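First up is the structure itself, then whatever we jot down about it.
Residue numbers (our numbering), protein chains in the order written: chain Y, 4 to 116; chain E, 71 to 183.
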């Protein structure tokens with residue numbers, strides 16, 4: 004993998020469902036992996052910054068895991084709520100890229116009440 | 071400090087005109103980034119500053135694009151002789167440390183007619 008790939012591209016779930024998305028990134032020269040949530044008409048907001056293989060982070064109903072050796076991260080949302088509707092972006096930072104983040108195209112989540 | 075602010079939020083211009091966007095980062099953040107986002111894509115890196123020094127510039131940035139951060143505080147992004155392909159959301163972000171989370175503004179949406 005040369006760039007950051009996210010799947011699925013979009014997802015529609017019912018309120019109360021749990022869901023997860025995948026972010027795949029190059030496994031070489033890994034430095035950091037970021038997750039952002041971007042609600043319509045607002046600014047992207049950081050959820051997690053992960054740097055260590057095996058990292059697991061949690062914020063409320065949202066959690067993320069990181070596997071730097073195989074180059075993937077999962078984002079989980081437990082008991083989705085309509086206010087979770089947003090685009091979820093992951094971004095990868097290489098050791099040699101300075102401070103440049105390479106973003107995926109995002110997963111657009113819609114939670115129906 | 072209320073966060074990163076960008077101005078203007080929306081700009082409609084005719085092809086060939088020059089446009090300038092301004093970004094005011096969070097005051098204690100020494101790193102400032104410009105990204106561009108087009109429909110269906112993730113944000114693409116354009117350039118970043120540490121204090122007043124422009125440390126990296128993407129190859130995506132043609133000679134028509136220039137960015138400055140004269141006193142290490144606010145930054146401007148100027149696009150000369152705009153083209154329809156420049157239509158996008160221009161996002162500014164700031165951070166305190168190299169690998170820290172980015173704090174984004176709400177973006178400046180450019181439409182070139």
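The C-beta atom is built at its ideal place from N, Cα and C for all residues, glycine as well. Just so we're clear, the structure is a prediction, and the values are computed from it rather than from any experiment.
What is the DSSP secondary structure of residue i, counted as helix, strand or coil?
i                     : result
residue 138 (chain E) : strand
residue 86 (chain Y)  : helix
residue 87 (chain E)  : coil
residue 154 (chain E) : helix
residue 23 (chain Y)  : strand
residue 77 (chain E)  : strand
residue 102 (chain Y) : coil
residue 32 (chain Y)  : coil
So the candidates are the options; which of them puts its Cα closest to the Cα of residue i?
i                     : options                      : result
residue 93 (chain E)  : E:76, E:105 and E:81         : E:76
residue 30 (chain Y)  : Y:101, Y:71, Y:83 and Y:95   : Y:71
residue 75 (chain Y)  : Y:43, Y:66, Y:15 and Y:25    : Y:25
residue 80 (chain E)  : E:115, E:73, E:87 and E:91   : E:91
residue 223 (chain E) : E:170, E:141, E:173 and E:89 : In the structure displayed, chain E extends from 71 to 183; residue 223 (chain E) sits before or after that span and is not available.
residue 116 (chain E) : E:169, E:110 and E:127       : E:127
So, is residue i buried or exposed, given that buried needs 16 or more other C-beta atoms within 10 angstroms?
i                     : result
residue 197 (chain E) : With chain E represented from 71 up to 183, any question about residue 197 (chain E) goes unanswered, as that position is not in the structure.
residue 37 (chain Y)  : buried
residue 50 (chain Y)  : buried
residue 57 (chain Y)  : exposed
residue 82 (chain E)  : exposed
residue 105 (chain Y) : buried
residue 107 (chain Y) : buried
residue 40 (chain Y)  : buried
residue 167 (chain E) : exposed
Give me, in chain order, the residues of the same chain whose beta-carbon lies closer than 7 Å to that of residue i; leave out the 5 immediate sequence neighbours on both sides.
i                     : result
residue 120 (chain E) : 100 and 101
I'd like the span of the beta strand (DSSP E) that includes residue i, first residue to last.
i                     : result
residue 121 (chain E) : Where residue 121 (chain E) is concerned, there is no enclosing beta strand (DSSP E), given that its DSSP letter is neither H nor E.
residue 96 (chain E)  : It is not in any beta strand (DSSP E) - residue 96 (chain E) carries neither H nor E in the DSSP assignment.
residue 144 (chain E) : Where residue 144 (chain E) is concerned, there is no enclosing beta strand (DSSP E), given that its DSSP letter is neither H nor E.
residue 17 (chain Y)  : 13–17
residue 107 (chain E) : 101–107
residue 8 (chain Y)   : 8–10
residue 66 (chain Y)  : 65–70
residue 182 (chain E) : 178–182
Return the chain-ordered list of same chain residues with a C-beta closer than 6 Å to the C-beta of residue i, the five sequence neighbours on each side being excluded.
i                     : result
residue 103 (chain E) : 118 and 163
residue 183 (chain E) : 84
Excluding the 5 residues preceding and the 5 following residue i in the sequence, name in chain order all residues of the same chain whose CB lies nearer than 8 Å to its CB.
i                     : result
residue 144 (chain E) : 92, 93, 94 and 95
residue 181 (chain E) : 80, 81, 82, 83 and 157
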